[in-house]
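Notes to accompany the following structure.
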Amino acid sequence: MISKLKYGSVIGVLLGVLLLSACGNSGAVDTTNNNSTEGMSVQNGDAEMIYKKKCMSCHGTDLQGRRGPSLQNIGSRLTEEEIVDVVTNGRNEMPKFEKNISAEDIQSVSKWLSELK
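Residue numbers (mature numbering (1 follows the signal peptide of the UniProt record, and there is no 0)): -28 to -1, 1 to 89.
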């Protein structure tokens, strides 16, 4: 009787592990959370991931702004080069990111943001 319980417990644990691994993150990224990212290229997908990791805490999940200003339609206010400058060197309350984000990633995010008009 005890061996049947142990056998059943082991099977239960294995099934639980299989179910949890099946429900895990597949690494896919949902890039359809706002209209500004529809039809984005792979590079824009990378830019959005960088945004989520480095910018979202201050600028919000949908670019709506939180502690930092809204970035919705930022491309109608700043050029790509101006955005690169702000991200690299900081402005007002925003810190410099030149040592925290690679120049390539800053360029990618700036290009993506400049297209939001």
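Ideal placement from N, C-alpha and C gives every residue a C-beta, glycine not left out.
Since we're looking at a predicted model, the values are computed, not measured.
Let me know if Ser29 comes out buried or exposed under the rule of 16 or more other beta-carbons within 10 Å of its beta-carbon. Position 57 of the sequence shown, counted from the first residue, corresponds to residue 29. With fewer than 16 Cβ atoms within 10 Å of its Cβ, Ser29 is classed as exposed.
Excluding the 5 residues flanking Gly47 on each side, which residues of the same chain have their C-beta closer than 7 Å to its C-beta? Reading the sequence shown from its first residue, position 75 is the one you call residue 47. Excluding residues within five positions, the ones whose Cβ falls inside 7 Å are Leu85, Ser86, Glu87, Leu88, Lys89.
Applying the criterion that 16 or more other CB atoms from any shown protein chain within 10 Å of the CB defines a buried residue, is Gln36 buried or exposed? Counting from 1 along the sequence shown, the entry for residue 36 is found at position 64. Classification for Gln36: exposed.
Short of 6 Å in beta carbon distance, which residues of its chain neighbour Val1, apart from the five on each side in sequence? Order them along the chain. As a position in the sequence shown, residue 1 is number 29, starting the count at 1. Confidence at Val1 is low in this model, with a pLDDT of 41, below 50, so its placement is unreliable and the value that follows should be read with caution. Here the set comprises nothing.
Quick one: using the 10 Å Cβ neighbour count with 16 as the cut-off for buried, is Ser80 buried or exposed? Here residue 80 corresponds to residue number 108 of the sequence shown, with the count starting at 1. Answer is buried; the Cβ neighbour count reaches 16.
If you draw a straight line from the C-alpha of Phe69 to the C-alpha of Gln44, how long is it? Here residue 69 corresponds to residue number 97 of the sequence shown, with the count starting at 1. Here residue 44 corresponds to residue number 72 of the sequence shown, with the count starting at 1. Looking at the two C-alpha atoms, the distance is approximately 20 Å.
Leaving out the 5 sequence neighbours to the left and right, which residues in its chain are closer than 8 Å to Ile73 when beta-carbon positions are compared? Counting from 1 along the sequence shown, the entry for residue 73 is found at position 101. Here the set comprises Ile22, Lys26, Val59, Val81.
Take Glu65 as the anchor and find which of Arg38, Asp77, Lys24 has the nearest alpha-carbon. As a working mapping, residue 65 is identified with position 93 in the sequence shown. Checking every option, the nearest Cα to that of Glu65 belongs to Arg38.
Whole-Å CB distance - Glu52 paired with Lys83, under 8 Å assumed: Translated into positions along the sequence shown, residue 52 becomes position 80. Translated into positions along the sequence shown, residue 83 becomes position 111. Their Cβ separation, rounded to whole angstroms, is 6 Å, which keeps Glu52 and Lys83 in contact under 8 Å.
What are the uninterrupted segments assigned as alpha helix (DSSP H) that are 4 or more residues long and contained completely in the segment 14 to 47, given in chain order? 14 to 26, 28 to 31
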